[in-house]
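Take a look at the structure set out below.
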Amino acid sequence: FRRKNGLTMNLYELLETGFPKDKSSCAIETHDGLYYSWDDLEKATSKMANLLASLKLPQGSRVAVQVEKSPEALFLYLATLKAGLVYLPLNTAYQAAEIEYFLGNAEPALVVCSPKNHAWVTKVANKCGTKHVLTLGDDRSGTLLEKAGKLSDKFKTVKRADDDLAAILYTSGTTGRSKGAMLTHKNLGSNAKVLQKFWAWKKGDVLLHALPIFHVHGLFVASHGALLNGSKMIWLPRLDTKELIKHMPRSTVMMGVPTFYVRLLLDKDFNKHTVRNMRLFISGSAPLLTETFNLFKERTGHTILERYGMSETVMLVSNPYEGARVGGSVGLPLPQTQVRVIKDDGKLCGVNEIGNVEVKGPNVFKGYWRMPEKTKEEFTKDGWFKTGDVGRWGGETSAGKVPNNYLCIVGRSKDLIISGGYNVYPKEIESFIDDMPGVDESAVIGVPHPDFGEAVVAVVVAKPSAKLNPDGMIAELKGKIANFKVPKRLIVVPELPRNAMGKVQKNVLRQTYS
Numbered sequence: 018f019r020r021k022n023g024l025t026m027n028l029y030e031l032l033e034t035g036f037p038k039d040k041s042s043c044a045i046e047t048h049d050g051l052y053y054s055w056d057d058l059e060k061a062t063s064k065m066a067n068l069l070a071s072l073k074l075p076q077g078s079r080v081a082v083q084v085e086k087s088p089e090a091l092f093l094y095l096a097t098l099k100a101g102l103v104y105l106p107l108n109t110a111y112q113a114a115e116i117e118y119f120l121g122n123a124e125p126a127l128v129v130c131s132p133k134n135h136a137w138v139t140k141v142a143n144k145c146g147t148k149h150v151l152t153l154g155d156d157r158s159g160t161l162l163e164k165a166g167k168l169s170d171k172f173k174t175v176k177r178a179d180d181d182l183a184a185i186l187y188t189s190g191t192t193g194r195s196k197g198a199m200l201t202h203k204n205l206g207s208n209a210k211v212l213q214k215f216w217a218w219k220k221g222d223v224l225l226h227a228l229p230i231f232h233v234h235g236l237f238v239a240s241h242g243a244l245l246n247g248s249k250m251i252w253l254p255r256l257d258t259k260e261l262i263k264h265m266p267r268s269t270v271m272m273g274v275p276t277f278y279v280r281l282l283l284d285k286d287f288n289k290h291t292v293r294n295m296r297l298f299i300s301g302s303a304p305l306l307t308e309t310f311n312l313f314k315e316r317t318g319h320t321i322l323e324r325y326g327m328s329e330t331v332m333l334v335s336n337p338y339e340g341a342r343v344g345g346s347v348g349l350p351l352p353q354t355q356v357r358v359i360k361d362d363g364k365l366c367g368v369n370e371i372g373n374v375e376v377k378g379p380n381v382f383k384g385y386w387r388m389p390e391k392t393k394e395e396f397t398k399d400g401w402f403k404t405g406d407v408g409r410w411g412g413e414t415s416a417g418k419v420p421n422n423y424l425c426i427v428g429r430s431k432d433l434i435i436s437g438g439y440n441v442y443p444k445e446i447e448s449f450i451d452d453m454p455g456v457d458e459s460a461v462i463g464v465p466h467p468d469f470g471e472a473v474v475a476v477v478v479a480k481p482s483a484k485l486n487p488d489g490m491i492a493e494l495k496g497k498i499a500n501f502k503v504p505k506r507l508i509v510v511p512e513l514p515r516n517a518m519g520k521v522q523k524n525v526l527r528q529t530y531s
């Protein structure tokens with residue numbers, strides 16, 4: 018990861034080492050036929066970096082970005098790295114109240130939003146003290162490109178050290194508000210290098226990219242992999258099964274959440290002929306059902322490679338490229354990454370003993386943004402990060418025996434829900450529901466769902482004599498919170514189950530409504 022002269026590389030410089038010599042070759046091809054060469058990528062990135070530099074932002078400034086997926090949005094990320102600033106991606110589904118929290122907490126110097134959201138984002142930005150607001154549309158519209166287009170396409174990459182921040186990703190934890198995971202140039206660079214080798218990226222690989230780029234999976238794991246390998250990306254704006262099937266014959270690698278694979282299997286046009294040139298299918302961000310794993314293998318002859326990571330660590334564990342890929346297991350610790358499973362008394366778990374998953378390595382984040390106490394709490398005294406997940410080595414899954422050195426994730430120590438690859442924090446949704454007229458209390462849980470992995474369900478108790486309208490309440494929530502957080506069902510009950518200490522028993526609710 019270091020240069021020969023001992024100076025650390027800016028992550029952009031590291032990615033740049035993989036760019037092909039032929040700059041006229043295709044870097045990104047869009048679903049609607051646009052072609053971006055590597056020369057286009059480098060020049061656009063430099064123009065945007067010059068725009069960022071022209072704003073004379075203080076060192077370490079955050080650039081908050083909430084835009085629809087486009088090649089230009091990726092170039093903006095690369096430009097932020099190149100300019101030595103800190104990238105802060107925000108889910109496009111977030112509403113005003115959510116954005117206000119993120120801008121208030123991160124205090125970005127610049128916000129880039131979709132043109133359609135400019136009016137309300139500007140109000141929120143002004144309230145939070147952010148001086149600059151630019152727009153970027155997925156149709157190449159907006160003030161960002163208008164201003165950057167007039168600037169030089171040459172820019173000298175700003176030097177950065179190992180420990181300098183490259184990005185902040187807000188992650189829904191299990192207690193309190195969202196936390197900003199601080200990822201350094203070394204965190205992201207070291208992980209990209211390890212994955213390039215572990216997943217055997219090859220010359221000529223083509224990545225079919227249908228993931229969002231405000232998320233670890235799409236922005237770091239997928240995009241970094243293709244960039245570092247100098248590989249063309251076929252760029253789809255969102256999950257569209259017909260588009261995946263259309264472009265798959267010209268692709269060799271695809272990364273997706275389990276939903277991708279469930280929906281492909283539902284399409285009668287998806288078959289062995291579709292995948293004739295594919296080398297690797299990777300799944301992550303949510304548990305892959307063994308049923309999906311087995312059906313996919315039967316239909317295509319390909320064994321999905323499942324892996325495990327987090328916003329705070331990027332990738333940690335993966336089934337091997339060469340070797341057994343086991344359904345129900347996330348595989349082996351990646352090179353340079355250490356993983357242990359610990360009992361509540363602090364002792365190491367043996368094979369098939371369930372405990373808390375803890376990790377250590379160059380990919381593990383620096384800490385939570387402006388939360389030193391929370392950071393301290395989430396690390397052990399000997400420097401291991403507590404993932405909050407519960408797992409075991411080896412054992413059995415419905416797919417069969419798991420090797421003793423393979424990790425299985427069996428649940429989460431707290432109540433985090435992962436729906437369609439997105440983290441959902443129940444307490445946040447409960448706070449919105451509890452504020453609604455006629456609501457006495459609520460409990461939000463995740464239940465198994467064949468498409469999303471887990472579906473969000475709200476169980477609600479009405480106040481005496483109040484009559485609740487579940488459909489109306491769901492409709493109201495859609496105007497307040499991101500759609501992936503909105504309950505798929507809202508169930509009204511006389512009371513919530515409680516233990517002797519008065520705590521709501523969410524495990525009982527999950528069993529009841531599974």
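To convert, take the position in the sequence shown, counting from 1, and add 17; that gives this note's numbering.
Glycine included, each C-beta is placed from N, C-alpha and C at the ideal position.
Given the structure is predicted, the values throughout are model-derived calculations rather than measurements.
Problem set entry | Element boundaries [alpha helix (DSSP H), containing Cys-401] | Correcting the residue identity first, residue 401 is Trp in this sequence and not Cys. Here Trp-401 belongs to no alpha helix (DSSP H), and DSSP marks it neither H nor E.
For this session: Look at the Cβ atom of Val-521, then the Cβ atom of Arg-515, and state whether they are nearer than 8 Å.
Result: Yes, Cβ-Cβ distance for Val-521 and Arg-515 is below 8 Å.
For this session: Tell me whether the beta-carbon of Tyr-423 lies closer than 8 Å to the beta-carbon of Gly-344.
Result: In terms of Cβ geometry, Tyr-423 and Gly-344 do not form a close pair [threshold 8 Å].
For this session: Evaluate the contact criterion for the segment 290-302 versus the segment 70-81: three or more CB pairs, one atom per stretch, below 8 Å.
Result: Too few Cβ pairs lie closer than 8 Å, so no.
For this session: Starting from Met-490, follow the alpha helix (DSSP H) in both directions and report where the run begins and ends.
Result: Its alpha helix (DSSP H) spans residues 487-495.
Exercise. Which stretch, first to last residue, makes up the alpha helix (DSSP H) that contains Gly-121?
Worked result: From DSSP, the alpha helix (DSSP H) with Gly-121 extends over 113-123.
Exercise. Cα-Cα, which of His-232, Leu-224, Tyr-278 and Thr-276 is closest to Asp-253?
Worked result: What sits at residue 253 in the sequence shown is Leu, not Asp. It is Leu-224 whose Cα lies nearest to the Cα of Leu-253.
Exercise. When you compare only the Cα positions, how much space is there between Val-233 and Val-473?
Worked result: Taken atom to atom, the span from the alpha-carbon of Val-233 to that of Val-473 is near 22 Å.
Exercise. Under three-state DSSP, which class holds Pro-514?
Worked result: Pro-514 falls in the coil class under three-state DSSP.
For this session: Going by CA-CA distance only, name the one from Trp-410, Val-456 and Ala-136 that's closest to Leu-365.
Result: For Leu-365, the nearest C-alpha among the options comes from Trp-410.
Problem set entry | Three-state class that DSSP yields for Ala-416 in the structure shown | In this structure, Ala-416 counts as coil in the three-state DSSP scheme.
For this session: Kindly indicate which three-state DSSP category Tyr-442 falls into: helix, strand or coil?
Result: Secondary structure of Tyr-442 (DSSP, three-state): coil.
Exercise. Just to confirm, are Lys-99 and Phe-36 a CB contact at a threshold of 8 Å?
Worked result: Their beta carbons are not under 8 Å apart, which means Lys-99 does not touch Phe-36 by this criterion.
For this session: State yes or no: is the C-beta of Ala-113 within less than 8 Å of the C-beta of Val-141?
Result: Cβ atoms of Ala-113 and Val-141: closer than 8 Å.
Exercise. Does the distance from the CB of Phe-416 to the CB of Phe-313 come in under 8 Å?
Worked result: Inspection of the sequence shows that residue 416 is occupied by Ala rather than by Phe. Contact: no.
Exercise. To the nearest whole angstrom, what separates the beta carbons of Gln-83 and Thr-62, a pair I think is in contact under 8 Å?
Worked result: The beta-carbon separation of Gln-83 and Thr-62, rounded to 20 Å, does not stay under the 8 Å limit for a contact.
Exercise. If you draw a straight line from the C-alpha of Ala-479 to the C-alpha of Ile-491, how long is it?
Worked result: Cα-Cα distance, rounded: 15 Å.
Exercise. Curious, which full-length beta strand (DSSP E) runs of at least 3 residues does the segment 236-300 contain?
Worked result: The qualifying runs are 249-252, 270-273 and 297-300.
Exercise. For Thr-152, which of helix, strand or coil comes out of DSSP?
Worked result: If DSSP states are grouped into helix, strand and coil, Thr-152 belongs with the strands.
For this session: Could you please give me the residues that DSSP links to Arg-157 through a beta bridge?
Result: BP columns for Arg-157 are empty, so no partner.
For this session: Measure the C-alpha to C-alpha separation of Phe-396 and Ala-341 and round it to an integer number of angstroms.
Result: As the crow flies, the alpha-carbon of Phe-396 is around 32 Å from that of Ala-341.
Problem set entry | Three-state secondary structure assigned by DSSP to Ser-195 | Correct three-state label for Ser-195: coil.
Problem set entry | Secondary structure of Gly-23, DSSP reduced to three states | Residue placement at Gly-23 is poorly supported in this model, since its pLDDT is 44, which falls under 50; the coordinates still yield a value, given next. Note: Gly-23 maps to coil in three-state DSSP.
Exercise. Quick one: is Thr-34 buried, meaning 16 or more other Cβ sit within 10 Å of its Cβ, or exposed?
Worked result: The residue in question, Thr-34, is exposed, as its Cβ has fewer than 16 Cβ neighbours within 10 Å.
For this session: State yes or no: is the C-beta of Thr-205 within less than 8 Å of the C-beta of Val-331?
Result: Contrary to the premise, residue 205 reads as Leu rather than Thr in this sequence. Going by C-beta atoms, Leu-205 is nearer than 8 Å to Val-331.
For this session: Report yes if the CB atom of Asp-468 is closer than 8 Å to the CB atom of Thr-276, and no otherwise.
Result: Thr-276 sits close to Asp-468, with the two beta carbons spaced by under 8 Å.
Problem set entry | Inter-residue spacing [alpha-carbon to alpha-carbon] between Thr-97 and Phe-119 | Roughly 18 Å separates the two Cα atoms.
Exercise. How many angstroms separate the CA atom of Leu-51 from the CA atom of Asp-257?
Worked result: Distance between the alpha carbons of Leu-51 and Asp-257: 18 Å.
Exercise. Taking the beta strand (DSSP E) that Gly-470 falls in, what are its first and last residues?
Worked result: Note, Gly-470: beta strand (DSSP E), 470-479.
For this session: Measure the CB-CB distance between Thr-188 and Ala-198 and report whether it falls below 8 Å.
Result: For Thr-188 and Ala-198, yes; Cβs fall inside 8 Å.
Problem set entry | Under 8 Å between C-beta atoms of Ile-230 and Pro-106 | Their beta carbons are under 8 Å apart, which means Ile-230 touches Pro-106 by this criterion.
Problem set entry | Chain-order list of residues whose beta-carbon lies under 7 Å from that of Glu-413 (same chain, five-residue window excluded) | Here the set comprises Val-419.
Exercise. Excluding sequence positions up to five away, which residues of its chain have a Cβ less than 6 Å from the Cβ of Leu-305?
Worked result: Leaving aside the five residues that flank Leu-305 on each side, the residues in its chain whose CB is nearer than 6 Å to its CB run, in chain order, Pro-275 and Glu-323.
Exercise. Checking contacts by CB at 8 Å: is Glu-395 closer than that to chain D?
Worked result: Of the protein chains in the structure, only one exists, and it is not chain D.
Exercise. Does DSSP put Thr-529 in a helix, in a strand, or in coil?
Worked result: The three-state secondary structure of Thr-529, taken from DSSP, is helix.
For this session: For Lys-502, I'd like the list of residues in its chain whose CB is within less than 6 Å of its CB, leaving aside the five on either flank, ordered along the chain.
Result: Only Val-441 and Ile-446 meet the Cβ criterion.
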